[in-house]
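Participant: Residue numbers for the sequence shown, in this note's numbering: 141 to 289. Backbone N, C-alpha and C define an ideal beta-carbon position, used for all residues, glycine too. Keep in mind the model is a prediction, meaning the values are calculated, not measured. Next up is a structure, given as structure tokens.
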Amino acid sequence: MKTFRQNSLVFDFNVMPVVPELGTIQIFLQQQIKLDLSSVRNLQVNVSRNQVIIETTTPDQAFAIARDHNSKHFIVHAKKRFLIPIYVEDGAIEVKVHDLPPRMPNNIIEEHLKQYGEITSIHNEVWRDFFPGIPNGSNSVQKWPFFIP
141 MKTFRQNSLV FDFNVMPVVP ELGTIQIFLQ QQIKLDLSSV RNLQVNVSRN
191 QVIIETTTPD QAFAIARDHN SKHFIVHAKK RFLIPIYVED GAIEVKVHDL
241 PPRMPNNIIE EHLKQYGEIT SIHNEVWRDF FPGIPNGSNS VQKWPFFIP
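Okay, here's the thing in structure tokens:
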């Protein structure tokens, strides 16, 4: 997939209990990020991953936006602020870990999974529909790939 996605930024809305409306995403990109649309080659709303993926014209633009804006801006939902992670698509694989004890810390999960590759990020997932904002017992792990049996 990495050969097909180049200079791509990921705006990861998985931290929110609901998928933001397109108008909210537009305001976020234009007013908070101050995205220069002339530097955008492609803007894709990935519904299944709850992300917006933006391809910029150069790698430097993508890295600068991620560096300057990652988790520094928020979207408000139900009177709560959600800081939005922004990172450069790097070919990492997302692995979902299910049915762990609720209080298992991410560092233990990371320690166990690092035998399969370098862990680049890990976070607890939350319910979106039935119990919005409450952790759902799954963890999402981004990793550089080694083989996972």
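If you reduce the DSSP assignment to three classes, tell me which class residue 212 lands in.
Facilitator: The answer is coil: DSSP assigns residue 212 none of H, G, I, E or B.
Participant: Tell me whether residue 149 sits in a helix, a strand or coil according to DSSP, three-state version.
Facilitator: In the structure shown, residue 149 sits in a strand (DSSP, three-state: E or B).
Participant: Just to confirm, are residue 266 and residue 222 a CB contact at a threshold of 8 Å?
Facilitator: Taking 8 Å as the Cβ cut-off, residue 266 and residue 222 do not qualify as a contacting pair.
Participant: By a C-beta neighbour count over all protein chains shown, 10 Å radius and 16 as the cutoff for buried, is residue 152 buried or exposed?
Facilitator: So residue 152 counts as buried.
Participant: For the 8 Å Cβ check, are there 3 or more pairs between the segment 198-208 and the segment 223-236?
Facilitator: Flag = yes, the segment 198-208 and the segment 223-236 touch.
Participant: Look up residue 164 in the DSSP assignment and say whether it is helix, strand or coil.
Facilitator: Three-state result, residue 164: helix.
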